[in-house]
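Count along the sequence shown from 1, add 237, and you get the number used in the numbering used here. Quick reminder that beta carbons are idealized off the backbone N, C-alpha and C, glycines included. Computed from a predicted model, the values in this text were never measured in an experiment. As structure tokens, the structure follows; a few thoughts come after it.
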Amino acid sequence: MKLIKLEASKVNWAKIGLIMGTLFVVIVSLVGVVLHGINKDQGFSQFIETMNLPIGSQTAWPVIAGTMGVLFTTVFGLLFEGYLIGDVMINEFKHKTIYNLFSMPYKRSHILWAKVFLITCISFVFQLGGSLLILTGIKLLSLILGASYQLNVLMLVHLLVQVILLTLIGLLPIITGLIKYSNVIAYVTSLVLAQLFGNSFMLQINQSNFMVYLPLILISCLVLIGLVIMINKQEKVDIL
């Protein structure tokens, strides 16, 4: 707990808050662009229809806005997690400031796991909090405009499961970035993850069987195993 508090005290929370706020504004703006495109562009509307969203008796625009809002939050959340990994962990290896921590009476692995825990918590809060704000805002707007939009428990459970798994998968840039202590490699890895997993919620939202998450569970387990190996490897690195 002391190590987590120590790491938290080193974070520039004002900068993190500004980045999170800016990303949220961008996400809301993109959702607005999507809705504007549906109204103005027939080709765009046909593209949305190919997604087979579970609209049913609901009004189309809230379902589309909610789904795309979570999609954008997931994509930016994975990219944001990559930034955090570079800022909180990899930069300390590049500038060798991490060795000051390694000289403290704590195991290196404990120090690194404290950083991983902090990154995971911030990323989780951004993805889950951002998605919930988007969905709640759309629900309120649909009530005001008299539209039908069901924000049910199953959807929220799907969202929670997805955020947990993708936050864990989003730790992969730690492994790739620490190989050469490179922020570029970490950022590229996050970009690839965002491309591969950005639409997970859209794929799972219409499913009641949680077995569809098995691939994400397997990948997240592999990432955690790789993370354990990489962090244990740092125990043997000569600080000189």
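Taking 8 Å as the cut-off, does the segment 240-248 touch the segment 342-352 (at least 3 CB pairs, one atom from each stretch)? yes
Please name the residue in F363, L355 and M305 whose C-alpha comes closest to that of G254. F363
Counting beta carbon pairs with one atom in the segment 425-433 and one in the segment 373-382, are three or more of them shorter than 8 Å? no
Give the C-beta separation of L464 and I416 to the nearest angstrom, bearing in mind that I take them to be a contact with Cβ-Cβ under 8 Å. So it is not a contact: roughly 13 Å between Cβ atoms.
Classify K344 as helix, strand or coil using the three-state DSSP reduction. coil
With DSSP run on the structure shown, which of helix, strand or coil describes L477? Residue placement at L477 is poorly supported in this model, since its pLDDT is 48, which falls under 50; the coordinates still yield a value, given next. Of the three classes helix, strand and coil, the one that applies to L477 here is coil, per DSSP.
Can you tell me the Cα-Cα spacing of G323 and H332, whole angstroms? 12 Å
Count the other C-beta atoms from every protein chain shown that fall within 10 angstroms of the C-beta of V390, then say buried if there are 16 or more, exposed otherwise. exposed
Expressed to the nearest angstrom, what Euclidean distance is found between the alpha-carbon atoms of T426 and G383? 43 Å
In or out: T259 buried (at least 16 other Cβ within 10 Å) or exposed? exposed
Which class does H332 belong to by DSSP, given the choice of helix, strand or coil? coil
Are the beta-carbon atoms belonging to V263 and L396 less than 8 Å from one another? no
Just the Cα atoms here: how many angstroms apart are F261 and I356? 18 Å
Nearest-angstrom Cβ-Cβ length linking L453 and L393, presumed shorter than 8 Å: So it is not a contact: roughly 17 Å between Cβ atoms.
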